[in-house]
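Enquirer: Quick mapping for you: the protein sequence lines, in order, are chains A and B.
Under my numbering, the first sequence is numbered contiguously, ending at residue 1394.
Under my numbering, the second sequence is numbered contiguously, ending at residue 71.
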Amino acid sequence: MVPNIIRGSSTYGVLKYLYGAGLKDEHEDPHLIGSWDGFAPDPGRSATATLQHLAQVLDLRVNQRGSRHRPARHVWHCPVRAAPGDRQLTDDEWGEVARRVVTAAGLVKTGDPDSCRWIAVRHADDHIHIVATTVRGDLRVAKLDQDARRVQTECRKIEEEWGLQRLNAGDKTAAKRPTHAEANKATRLGRKEPFRLGVRDKVRQAVAGAADEDEFFDRLTAAGLLIKKRLAPSGDLLGYAVADPDDVNGRGAPVYYSGSKLAPDLSLPRIRHRLTGGLPTAYPDQETGDRSTGRSRIPGSKAALARRRATGAAEDATHILEEGDEQEAAAVLVGTIEIIDILAQRSPADTQRQMLAAARSFERASRSHTRAAQGDRAAVRTAARELLRSGYATHRGEDGGVTAMLLSTLVLLAIAAGRWHAARGHDQQAAAAYESATWLRESYTLVAAPPMATMNRSGKALPAQVRERHARTVREHLPEGEHLLREYNWDALAATLAEAEAAGHDPAELLKRARSRRELETAESVTAVMVWRIRRLADLPAAPVATPAQPTDTRTSRRGPTDGPAAAPPRRPAR
Amino acid sequence: MTAGRFIATASLNAARGDGIDRDPQDRLDRAVDELAASRAQLARAGNNLNQIAFGLNAAGVLMPDDLTATLNAVRDAVANVDDAATQLVGR
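1. Is the CB of A20/B under 8 Å away from at least one CB in chain A?
2. Straight-line CA distance for E1184/A to A866/A?
3. Give me whichever residues DSSP pairs with V950/A in a beta bridge.
4. Is the beta carbon of C935/A sitting closer than 8 Å to the one on P822/A?
5. With H, G and I counted as helix, E and B as strand and the rest as coil, what does DSSP make of H1214/A?
6. Near V58/B, what residues of its chain come up, given a Cβ to Cβ distance below 8 Å and the 5 sequence neighbours on each side ignored?
7. Along chain B, which residues have their Cβ under 9 Å away from the Cβ of P1064/A?
8. Relative to the C-alpha of H942/A, which residue among H850/A, A1125/A, R889/A and G914/A is closest?
9. Taking only the alpha-carbon atoms, compute the straight-line gap between G841/A and D848/A and give it to the nearest angstrom.
10. Can you pull the DSSP bridge partners for V821/A?
11. May I ask which residues mark the beginning and end of the alpha helix (DSSP H) holding R969/A?
12. Looking at chain B, which residues of the segment 875 to 891 of chain A have a Cβ within less than 7 Å of any of its Cβ atoms?
13. Would you kindly check if the distance between the Cβ of I1090/A and the Cβ of F1035/A is under 8 Å?
14. Taking the C-alpha atoms as reference points, what is the distance between L769/A and A1133/A?
15. Any beta carbon from chain B within less than 8 Å of G832/A's own beta carbon?
16. Consult DSSP for A(-6)/B and reduce its assignment to one of helix, strand or coil.
17. Can you give me the Cβ contacts of Y1253/A inside the same chain, cut-off strictly under 8 Å, excluding the 5 residues immediately before and after it?
18. What is the residue span of the alpha helix (DSSP H) that L1281/A lies within?
19. May I ask you to report which of helix, strand or coil DSSP gives V84/B?
20. Just list the residues that DSSP pairs A1062/A with in beta bridges.
21. Just to confirm, is the Cβ distance from R1354/A to A1361/A under 8 Å?
22. Do A939/A and W913/A have their CB atoms nearer than 8 Å?
23. Identify the contact partners of D9/B in chain A, using a Cβ-Cβ distance below 9 Å as the criterion.
24. Can you find a C-beta in chain A that's less than 8 Å from the C-beta of N60/B?
25. Ignore the nearest five residues each way along the sequence and tell me which others in A1272/A's own chain have a CB closer than 7 Å to its CB.
26. Name the chain A residues whose beta carbon is nearer than 8 Å to that of G70/B?
27. So what does DSSP say about G827/A, is it helix, strand or coil?
28. Taking the alpha-carbon positions, what's the R1126/A to P898/A distance?
29. What does H1188/A pair with, by DSSP beta-bridge criteria?
30. Note down, in chain order, every chain B residue with its Cβ under 9 Å from the Cβ of P932/A.
31. State the beta-bridge partners of G853/A as determined by DSSP.
32. Is the CB of A23/B under 8 Å away from at least one CB in chain A?
33. Does L1206/A come out as helix, strand or coil in the three-state DSSP assignment?
34. I'd like to know whether the C-beta of G857/A is nearer than 8 Å to at least one C-beta of chain B.
35. Helix, strand or coil: how does DSSP classify P1380/A here?
36. Can you tell which of V1061/A, A1148/A, Q984/A and A1212/A has the C-alpha that lies nearest to the C-alpha of P903/A?
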């Protein structure tokens, strides 16, 4: 049950619409289903009642105040719509809804003869319109502060009491939705969505991984947006607004959206808050490679390396969501949307749609009333920044493998975010996080298919006794080992363990470490998650070429672990 | 009516010692209030009649003609009250 309060200045105008044919001729049998005293004239049922008559009766107290004291927008109009899939309510039930809504809004007090006059009109199966005038019988204007919030709360109560679909309660941290007019404009221009959404994406992407304010504004410009800065008399920057150059009003001037009107956390003060504290220095050079031998310690391009590190940061973030304190968790959520935004921006065409959808859903999950402390989001934001600086990655070879590795972790992170919000009663954010996880999983499935297939092939090609040995290890060291062995991706896990062993790692030890990192109950395929975790922990290539036992393949001999130095390379320090 | 206006009227009335509104606007406001009160009374009676009709209908009894006529009379009376009030406030 969704209420939507609209204020207006013409009672007759809104009645004419309600009793008229509708914009697309969709109004059917308009009639009153309730009014302040049950005896309002109903032009839909009575032959003598007219719209003008009804408007005059509603406007009585407004007109009595005289034209000089008429409040500016005296019409309180509130359509209340049933959620799709709800049972059809009767006229009497809708009348009860209307009564409860006007009471919750503060227009009507029970037993108060001076309450505002209101009517409720029904002209369709799934919704009603409540129209009230805000001047009370004692000629004062009704106090309607926070009416929207109170009406929403009342609707949640009705849903619960009547067993209707219970919608997710908001907490005033959602981004502003495109208005009706903006949606109509998009339809008129033949665009698939209102400008506001695209502008919001671009601003969010511009702040993702940004080091300071200047960089943020440079990236806004680079994204093709027009910027209008608001300056104080002293010359200090107070705020900003951005416009899509294609989005013009009737006079041909661009339509600007200020940051806070795009999303609460995109206002300049909030962006400054996010950017203060800076970013810690990048990872130590040593990790990137061994200069003396020229050998890269971890295979892959610079982008792949950044993604591999982001995977580590995302795993830690999941851990913080499960065990860290509130402010840390809030910081992690902000960092996560930045990582997803950058991936969405850099995503090749095949997963672009899914990644953008994931970012748009997670955007809602990144905000709640729990605010991150300043400079508290170092690790995840550093990872985001490095992703940003490392350039583009394709979905082929090592790049694709590492992207799959990162996406696999992000799915679990999004689910952990959903659980974090759900535990705190943030219904909308929890739903958004789960939706985001679905989109991320869809991209993951696309990206992970080729490397997984290769690994499964290598796994199948392993000698029987090697496979048996790894199966034994898995059975011994993991509680759910039996189950893992039956999963489709078991071959890939066997191949991974074989590779790790060849690179000088102890498979049992790796399994235990991978297992100890967070519980896996939320994962769709535990084996797949284990494969990626072990590959990351052991610094194995994320997209090995088939049958790693053959060192003739040049790529394998250059990057692969099979012909690595006799002594195992030093392990990465434990986190 | 604003608070200031109320105080002004009330103190003037007290000084004059009679309870009659001298200000035409006050007289009009009072008349509109009376009409609104009558409308509320009529509606209350009408709602009772409606409930009787509903009860009879639920019991399967045919609605007596008197009841229909009375309900129509209430509706007409309400319409007349509305007309009067509309004329008083103008527009």
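Here a beta-carbon is modelled for each residue, glycine too, at the ideal position from N, C-alpha and C.
All of these numbers come straight from a predicted model, not from anything done at the bench.
Expert: Reading off the structure:
1. yes
2. The displayed chain sequence assigns Ala, not Glu, to residue 1184/A. In a straight line, the C-alpha of A1184/A is about 53 Å away from that of A866/A.
3. H896/A and I938/A
4. no
5. coil
6. R19, L22, A23 and G26
7. In chain order: nothing, as chain B lies at least about 47 Å away.
8. H850/A
9. 11 Å
10. R900/A
11. D966 to W981
12. Q875, V876, L879, N882 and Q883
13. yes
14. Residue 769/A falls outside the range modelled here, since chain A spans only 820 to 1394, and no answer is possible.
15. no
16. helix
17. A1233, I1234 and G1237
18. Here L1281/A belongs to no alpha helix (DSSP H), and DSSP marks it neither H nor E.
19. Since the first residue shown for chain B is -19 and the last is 71, residue 84/B is missing from the structure and cannot be characterised.
20. L1045/A and Y1075/A
21. yes
22. yes
23. Q883 and L958
24. no
25. none
26. N882
27. strand
28. 48 Å
29. The partner list for H1188/A (beta bridge, DSSP) is empty, contrary to what the question assumes.
30. A16, A17 and A20
31. A939/A
32. yes
33. helix
34. yes
35. With a pLDDT of only 41 at P1380/A, under the threshold of 50, the placement of this residue in the model should not be trusted, and no figure is reported.
36. Q984/A
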